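Reading through the structure tokens given below for one structure.
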Amino acid sequence: MCRKQYGTENVILSDIKKAPPEVYRSGPFVYADVLDYKNLRELVVNNRITWLVHYSALLSVVGEANVALARKINITGLHNVLDLALESCLRLFVPSTIGAFGPSSPRDPAPDLCVQRPHTIYGVSKVHAELMGEYLHHKYGLDFRCLRYPGIISANTQPGGGTTDYAVQIFHDALSTGHHECYLRADTRLPMMHIGDCHRATVEFMHAPECQLSLRTYNIAAMSFTPEEVSTEIRKHLPHLKVTYNPDSVRQTIADSWPVRFDDSNAQRDWGWKSTYGLEELVSDMLQANYLTYS
Ligand SMILES: NC(=O)c1ccc[n+]([C@@H]2O[C@H](COP(=O)([O-])OP(=O)(O)OC[C@H]3O[C@@H](n4cnc5c(N)ncnc54)[C@H](O)[C@@H]3O)[C@@H](O)[C@H]2O)c1
Ligand SMILES: C[C@@H](O)[C@H](N)C(=O)O
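So the sequence shown is numbered by the UniProt record's numbering: it starts at 1 and just counts up by one.
In structure tokens form, the structure reads like this:
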């Protein structure tokens, strides 16, 4: 999407992992380790980078399984990126998450500004990112922008070790074996969003004139559903889908501490955010996009 808008050569993707062939074919892809400041600086200088979108992180479940590594990547890595953005006058986007809230936050809906006491290292690192970015904006004028994403649902990427992963895996299972074993209770409601809306929100927010932004960190919302509700919607296309429930205590405890709905009225008012995918559109699109892989 970005490459169509800005030109193939003007968007450089990076990771420490080899990308799938279609990513290499789509335009520049380079190695970049967020823990290696010199490597990041070289990339920014050599490519005359102006905007930096910082997605590297360990998600909620893998973070709890390896707290030391999550602290390193999510906090030390973030500090490298913040320092570089300040030094090189970059516009910086860092995603936050529904996981930046905790059991003492209002859950239905969670507003932009409220108590944030998450119980995961992932959530703690994201609150840290929100606060550091905002601090550097107020103190030094860093153009820091942050959106709190719901669980993101995409046909093109495999789940990355999060609590909302079931909502991606269920589509693969529905089309392959016809059976999904869900690690959350059937009635666990969480905010979710189609990747198309997530990309569009990010680009629109990055373009929003500074004078329109009353906040530097905004919630964005699209829909909220439970495993039972998404299963019912999938069964309208694939009536044979069987879902069994075997709640995992780590993931269920995390999910129960997160908002069930997001209040994104500030994003709507300040920079015109509006989602386009509801549950029905999301399910049709995910099944269509994955259909060829399994047929
Ligand atoms: N997927 C979601 O539902 C969701 C929801 C809210 C926020 N987010 C945020 O979006 C971002 C991307 O999430 P995702 O789902 O794509 O996660 P992911 O786990 O799929 O991808 C994270 C990437 O970070 C890379 N990485 C790890 N260590 C690194 C290092 N040292 N240097 C550079 N890269 C490194 C990994 O190789 C991986 O490709 C994260 O910051 C996450 O917090 C995601
Ligand atoms: C919600 C989000 O940040 C991520 N998908 C996770 O579950 O950890």
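We put the CB at the ideal spot given by N, CA and C, even for glycine.
Remember, it's a predicted structure, so these values are computed and weren't measured experimentally.
Contact under 7 Å by Cβ, residue i with residue j
i: Ala70; j: Ile152; result: no
i: Asp270; j: Leu190; result: no
i: His180; j: Val243; result: yes
i: Ser104; j: Val115; result: yes
i: Ile98; j: Pro259; result: yes
Residues that residue i bridges to, as DSSP identifies them
i: Ala110; result: Phe262
i: His180; result: Val243
i: Leu279; result: Paired residue(s): none; Leu279 is not in a bridge.
i: Asn219; result: Arg148
i: Trp51; result: Arg91
i: Ile153; result: His194
i: Thr188; result: Paired residues: none, contrary to the question.
i: Ser224; result: Pro191
Cβ neighbours of residue i in the same chain (closer than 7 Å, five flanking residues each side left out)
i: Cys198; result: Tyr149, Ile152
i: Gly77; result: Val34, Leu35, Ser56
i: Leu59; result: Tyr122, Gly160, Gly161, Gly162
i: His240; result: Gly178
i: Asn47; result: Ile12
i: Ile16; result: Tyr31, Asp33
i: Cys2; result: Val11, Val203
Same chain only: Cβ atoms within 8 Å of residue i, ignoring 5 sequence neighbours per side
i: Arg261; result: Arg107, Asp108, Pro109, Ala110, Arg189, Pro191, Ala221, Ser224
i: Arg289; result: The sequence given here has Ala at residue 289, not Arg. So the list reads Ala155, Asn156, once near-sequence residues are dropped.
i: Trp273; result: Ala201, Glu204, Phe205, Tyr218, Ile220, Asp264, Ala267
i: Asp256; result: Pro103, Thr188
Nonlocal neighbours in the same chain, by C-beta distance under 6 Å from residue i, ignoring five residues either side
i: Val275; result: The identity of residue 275 in the sequence shown is Ser, whereas the question assumes Val. Once the five neighbours on either side are set aside, the close Cβ partners of Ser275 are Asp197, Ala222.
i: Asn246; result: Glu181
i: His237; result: Leu287
Presumed contact (8 Å Cβ cut-off) between residue i and residue j, rounded CB distance
i: Ala129; j: Pro118; result: Between Pro118 and Ala129 the Cβ distance is about 12 Å, and since that is not below 8 Å, they are no contact.
i: Tyr291; j: Leu175; result: 7 Å
Distance cut-off 6 Å: residue i Cβ against heavy atoms of ligand 3
i: Ile12; result: Here the bound small molecules are ligand 1 and ligand 2; ligand 3 is not part of this structure.
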